[in-house]
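Peer 1: Provided herewith is a single structure, encoded as structure tokens, for subsequent inquiry.
Numbering (my numbering), first residue to last: 14 to 228.
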């Protein structure tokens, strides 16, 4: 029981004796490290319960800030193509792999971290390309903006690919196909272009707006 508890699979009951299953009534996604060892789990509810997704807690072998879902399957393709697509969810990642984008990984309920970027840079090389695939909603925009500084500091060539309103990678690929997805990916904006466009939209191009954009 102690090992199962340390692995995050069970949680001690607060007011009663015993434990309960952390991932009860959820589809389980095993999370592997690059050595093909299972280090954690993700679970998605089948009903409308919240939270929709639940990940293993941090453990001696599982650290979200340095783990990427699907990297054990994507690593070779990332190295060959010198490109990696980064998405935010399990189903988005599975959709990309199903549609031939096997150089794809997903974050695990956390924003992009310097550790993630360092790991990927070692795989794709200093001249490699990262394509961030975000939903077009506010959360996707905020996630994109949060990651800008990290890629700039690491001097990694990163582009941001925003999908049309109402779509995530999963829904877009199955409705419009991989050729359409590839076209959007080719036209993904560089970090600087994306940042400038986002700030112009926020502050406008009045004299005051331009000063705030430059700042």
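Every residue gets a Cβ at the ideal spot worked out from N, C-alpha and C, and that includes glycine.
Determine the closest residue to residue 102 out of 124, 85, 95, 212, with distance taken between C-alpha atoms.
Peer 2: Position 89 of the chain shown holds residue 102. Cα-wise, what sits closest to residue 102 is 124.
Peer 1: Residues in the same chain with beta-carbon distance under 7 angstroms from residue 116, minus the five sequence neighbours each way, listed in chain order, please.
Peer 2: Reading the chain shown from its first residue, position 103 is the one you call residue 116. Within the same chain, residue 116 has close Cβ partners 87, 90, 91, 94, 96, 97, 98.
Peer 1: Would you kindly check if the distance between the Cβ of residue 36 and the Cβ of residue 43 is under 8 angstroms?
Peer 2: Numbered from 1 along the chain shown, position 30 holds the residue referred to as residue 43. Numbered from 1 along the chain shown, position 23 holds the residue referred to as residue 36. Contact flag unset, no.
Peer 1: Taking residue 201 as the reference, which of 143, 167, 220 has the closest Cα?
Peer 2: To locate residue 201, count along the chain shown from 1; it is residue 188. Of 143, 167, 220, the residue nearest in Cα terms is 143.
Peer 1: Near residue 75, which residues of its chain fall below 8 angstroms by C-beta distance, leaving aside the five closest residues on each side in sequence?
Peer 2: Within the chain shown, residue 75 is the residue found at index 62, counting from 1. Correct list, in chain order: 21, 44, 52, 53, 69.
Peer 1: Quick one, which of 30, 169, 28, 145 has its alpha-carbon nearest residue 134's?
Peer 2: The sequence position of residue 134 within the chain shown is 121, counting from 1. For residue 134, the nearest C-alpha among the options comes from 169.
Peer 1: Which residues does DSSP pair with residue 68 in a beta bridge?
Peer 2: Numbered from 1 along the chain shown, position 55 holds the residue referred to as residue 68. Per DSSP, 55.
Peer 1: Flag this pair as yes or no: are the beta carbons of residue 32 and residue 40 separated by less than 8 angstroms?
Peer 2: Along the chain shown, read from residue 1 onward, the residue named residue 32 stands at position 19. Along the chain shown, read from residue 1 onward, the residue named residue 40 stands at position 27. Their beta carbons are not under 8 angstroms apart, which means residue 32 does not touch residue 40 by this criterion.
Peer 1: So within the stretch 69 to 111, which uninterrupted alpha helix (DSSP H) runs reach at least 4 residues, ignoring any that extend past its ends?
Peer 2: The stretch 69 to 111 contains these whole alpha helix (DSSP H) runs: 84 to 94, 103 to 111.
Peer 1: Counting C-beta neighbours from all protein chains within 10 Å, is the total for residue 50 16 or more, i.e. buried, or is it exposed?
Peer 2: To locate residue 50, count along the chain shown from 1; it is residue 37. Its Cβ having fewer than 16 others within 10 Å, residue 50 is exposed.
Peer 1: Whole angstroms are fine: how far does the CA of residue 27 sit from the CA of residue 188?
Peer 2: Along the chain shown, read from residue 1 onward, the residue named residue 188 stands at position 175. Along the chain shown, read from residue 1 onward, the residue named residue 27 stands at position 14. Rounded to whole angstroms, residue 188 to residue 27 spans 46 angstroms at the Cα level.
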